[in-house]
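**Q** Shown below is the structure under consideration.
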Amino acid sequence: MEIKEKKAWPDRVIGNINEISDRAAMGLPEHYVAPRVTLSNQTLAPFYDQSNDLLVSTLRDKENSTEHRLGAGTMLSLKGDDRIKVYEPDMVEIESAKAQIGTVFESMDELYERFKKYGVQRSWVQKEGPRFEYELDAFRIARYPVTNQEYQAFLEDSEFDEIPTSWQFGYMNILDSNKPVYTVTDRAATAYTEWLSAKTGRKFRLPTEYEWEYAAAGEKGYEYPWGNDIQVDACNTMETGLLSTSPIGMFPQSDSPFGLCDMAGNVEEYVSTHYHAYPGGSIVEDDLYLKLGLYRIARGGAFNRFIDLARCQRRHGAYPKSLYAIGFRLAESIT
3 MEIKEKKAWP DRVIGNINEI SDRAAMGLPE HYVAPRVTLS NQTLAPFYDQ
53 SNDLLVSTLR DKENSTEHRL GAGTMLSLKG DDRIKVYEPD MVEIESAKAQ
103 IGTVFESMDE LYERFKKYGV QRSWVQKEGP RFEYELDAFR IARYPVTNQE
153 YQAFLEDSEF DEIPTSWQFG YMNILDSNKP VYTVTDRAAT AYTEWLSAKT
203 GRKFRLPTEY EWEYAAAGEK GYEYPWGNDI QVDACNTMET GLLSTSPIGM
253 FPQSDSPFGL CDMAGNVEEY VSTHYHAYPG GSIVEDDLYL KLGLYRIARG
303 GAFNRFIDLA RCQRRHGAYP KSLYAIGFRL AESIT
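So the sequence shown is residues 3 to 337, counted in my numbering.
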């Protein structure tokens with residue numbers, strides 16, 4: 003039997019991602035390619051007898067390999083992840099602030115040149131400008147995106163009619179319980195916040211676009227939650243090569259300055275804001291705008307997209323294509 007040489011992991015996209023196949027948009031050939039990081043019995047074996055606290059500690063230790071952290075997070079899903087509390091989500095309070103939002107026009111050419119190998123179009127970058135200051139009131143935002151386990155509780159209680167298409171035949175695999183829910187619409191995301199608000203008497207909602215960016219980028223307006231440099235193994239994007247979502251908080255390197263997890267990579271996240279031009283800017287009629295007109299903004303990167311999408315300032319949305327892995331996280335008003 004001939005042993006084929008292992009090919010290099012993809013690092014570019016050829017063509018417009020909205021006009022080519024999902025695999026091509028991920029830089030992959032149409033034939034099978036094994037993930038760079040895989041789960042196996044050997045991966046799970048060290049964790050069979052570990053306590054939940056130790057599993058979380060292992061998952062959160064950035065000195066551990068991605069595979070080792072994945073094993074700990076997966077075992078945590080099987081044993082029951084104590085971090086997930088449907089009616090008491092872990093919320094982080096963000097003080098009122100003058101937030102720097104967006105990207106300066108002068109840097110857009112450089113950004114486009116840096117990321118065009120991933121299929122990025124110049125118009126996508128243009129939507130980020132100009133940079134401006136915005137005064138935010140204090141608010142709370144969830145440490146983690148909403149998980150499959152939480153969304154399942156919502157569906158069971160409310161009988162809402164939108165089952166994620168990522169749940170094959172409507173089945174939520176327990177191995178995915180502590181991973182972010184995705185392939186839901188903004189309608190479903192809003193319905194979840196309304197359901198949880200009614201259940202708890204609190205004021206849950208989706209974060210605004212500006213709240214999300216500030217919570218991800220911090221006071222200094224970083225390009226990524228960890229800083230301005232590209233770190234391809236810091237979050238769950240195509241570069242990491244899982245080809246699937248990951249347990250919440252598994253990439254501690256990507257925690258935001260406020261301690262929020264998974265704001266770069268894993269799944270994109272809906273915000274409450276619809277696309278509009280920034281102050282001093284103009285409407286950009288890119289493929290999303292031409293296809294949908296008014297559309298809900300999504301932020302953050304995803305496991306099946308390259309790291310350009312994980313930039314804190316990047317504005318995108320739910321183009322009608324299965325490639326777009328979008329979930330959401332909670333925010334809460336403070337009165």
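From the three backbone atoms N, C-alpha and C, an ideal C-beta is built for every residue, glycine too.
Taking the alpha helix (DSSP H) that residue 115 falls in, what are its first and last residues?
**A** 110 to 117
**Q** Based on DSSP bridge pairs, tell me the residues matched to residue 135.
**A** 102
**Q** Tell me whether residue 335 sits in a helix, a strand or coil according to DSSP, three-state version.
**A** strand
**Q** Can you give me the start and stop residues for the alpha helix (DSSP H) that residue 28 sits inside?
**A** Note, residue 28: premise wrong, no alpha helix (DSSP H); not H, not E.
**Q** Please state whether DSSP places residue 226 in a helix, a strand or coil.
**A** The three-state reading of DSSP puts residue 226 in strand, counting E and B together.
**Q** In three-state DSSP terms, what is residue 185?
**A** coil
**Q** At what residue ranges does the region 213 to 281 contain a whole run of the alpha helix (DSSP H), taking only runs of 4 or more?
**A** none
**Q** Give the DSSP-derived three-state secondary structure of residue 124 in the structure shown.
**A** helix
**Q** Is the beta carbon of residue 217 less than 8 Å from the beta carbon of residue 309?
**A** no
**Q** Could you pull the start and end residues of the beta strand (DSSP E) that residue 47 belongs to?
**A** No beta strand (DSSP E) contains residue 47, which DSSP labels as neither H nor E.
**Q** What residue does the alpha helix (DSSP H) around residue 58 start on, and which one ends it?
**A** 54 to 61 is the span of the alpha helix (DSSP H), which, as asked, contains residue 58.
**Q** Just reading off the alpha helix (DSSP H) that residue 156 is part of, what are its end residues?
**A** 150 to 160
**Q** With three or more C-beta pairs closer than 8 Å as the rule, is the region 73 to 81 touching the region 55 to 64?
**A** yes
**Q** From the DSSP output, read off the bridge partner residues of residue 190.
**A** BP columns for residue 190 are empty, so no partner.
**Q** Please return the same chain residues whose Cβ sits closer than 7 Å to the Cβ of residue 255, not counting the five positions on each side in sequence.
**A** 64, 228, 233, 236
**Q** Label residue 295 either buried or exposed according to how many other C-beta atoms from any shown protein chain fall within 10 Å of its C-beta, with 16 as the threshold for buried.
**A** exposed
**Q** By Cβ distance below 6 Å, which residues in the same chain neighbour residue 4 in space, the five residues on each side in sequence not counted?
**A** Since pLDDT at residue 4 reaches only 44, below the 50 mark, its modelled position is unreliable, and no value is offered.
**Q** Residue 141 and residue 103 - do their beta-carbons sit closer together than 8 Å?
**A** no
**Q** DSSP beta-bridge partners for residue 95?
**A** 142
**Q** Return helix, strand or coil for residue 107, following the three-state DSSP convention.
**A** helix
**Q** Identify, in the order they occur along the chain, each residue of the same chain with its Cβ nearer than 8 Å to the Cβ of residue 6, setting aside the five sequence neighbours on each side.
**A** Because the pLDDT of residue 6 is 46, which lies under 50, any placement of that residue in the model is unreliable, and the number read from its coordinates should be weighed accordingly. Once the five neighbours on either side are set aside, residue 6 has no close Cβ partner at all.
**Q** Could you give the residue range of the alpha helix (DSSP H) that holds residue 298?
**A** No alpha helix (DSSP H) contains residue 298, which is instead part of the beta strand (DSSP E) from 298 to 301.
**Q** Counting beta carbon pairs with one atom in the region 19 to 37 and one in the region 220 to 227, are three or more of them shorter than 8 Å?
**A** no
**Q** For the pair the region 37 to 45 and the region 17 to 28, tell me if three or more CB-CB distances fall below 8 Å.
**A** no
**Q** With three or more beta-carbon pairs closer than 8 Å as the criterion, would you say the region 123 to 139 touches the region 150 to 165?
**A** no
**Q** Measuring straight from C-alpha to C-alpha, what distance separates residue 199 and residue 263?
**A** Whole-angstrom Cα-Cα distance: 22 Å.
**Q** Among the candidates 134, 169, 112, 336, whose CA atom is the shortest distance from the CA of residue 206?
**A** 336
**Q** Please report the Cβ distance between residue 277 and residue 303, rounded to the nearest whole angstrom; I am assuming they are in contact, meaning their Cβ atoms lie under 8 Å.
**A** About 18 Å separates the beta carbon of residue 277 from that of residue 303, a gap too long to meet the 8 Å contact definition.
**Q** What residue range does the alpha helix (DSSP H) around residue 172 cover?
**A** Run containing residue 172: none; DSSP gives neither H nor E here.
**Q** Does residue 86 come out as helix, strand or coil in the three-state DSSP assignment?
**A** coil
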